[in-house]
Amino acid sequence: MSERFVVRQTDYGYGIWDADNDDWWIPRLDMTRRDAEQIVSELRRGQSQI
21 MSERFVVRQT DYGYGIWDAD NDDWWIPRLD MTRRDAEQIV SELRRGQSQI
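Per this note's numbering, residue 21 is the first one in the sequence shown, and the count goes up by one each step.
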């Protein structure tokens, strides 16, 4: 099973890709990769509780 949300680099920093919908969840984040990965970690944790 692949992860739904993944961090991808953009021209502006990092974004969060929604693999299930094949589209950006948050397309442009003016933040570091570490911050984006932390958001994805929280999203994955929330999904595992559903």
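All residues carry an ideal CB built from backbone N, CA and C; glycine is no exception.
None of these values were measured; they are calculated from a predicted model.
**Message:** Assuming contact is defined by CB atoms lying nearer than 9 Å, are A39 and E57 in contact in what I supplied?
**Reply:** no
**Request:** Below 7 Å CB to CB, which residues in the same chain sit around I59 once its five sequence neighbours on both sides are set aside?
**Result:** Excluding sequence neighbours, I59 sits near I36.
**Prompt:** Considering only residues of the same chain and omitting the five flanking positions on each side of V26, which have a CB-CB separation below 8 Å?
**Reply:** I36, W37, A39 and V60
**Asked** Could you check where the alpha helix (DSSP H) with Q67 kicks off and where it finishes?
**Response** Here the alpha helix (DSSP H) through Q67 covers R53 to S68.
**Message:** Quick check: R53 and Y34, are their CB atoms within less than 9 Å of each other?
**Reply:** yes
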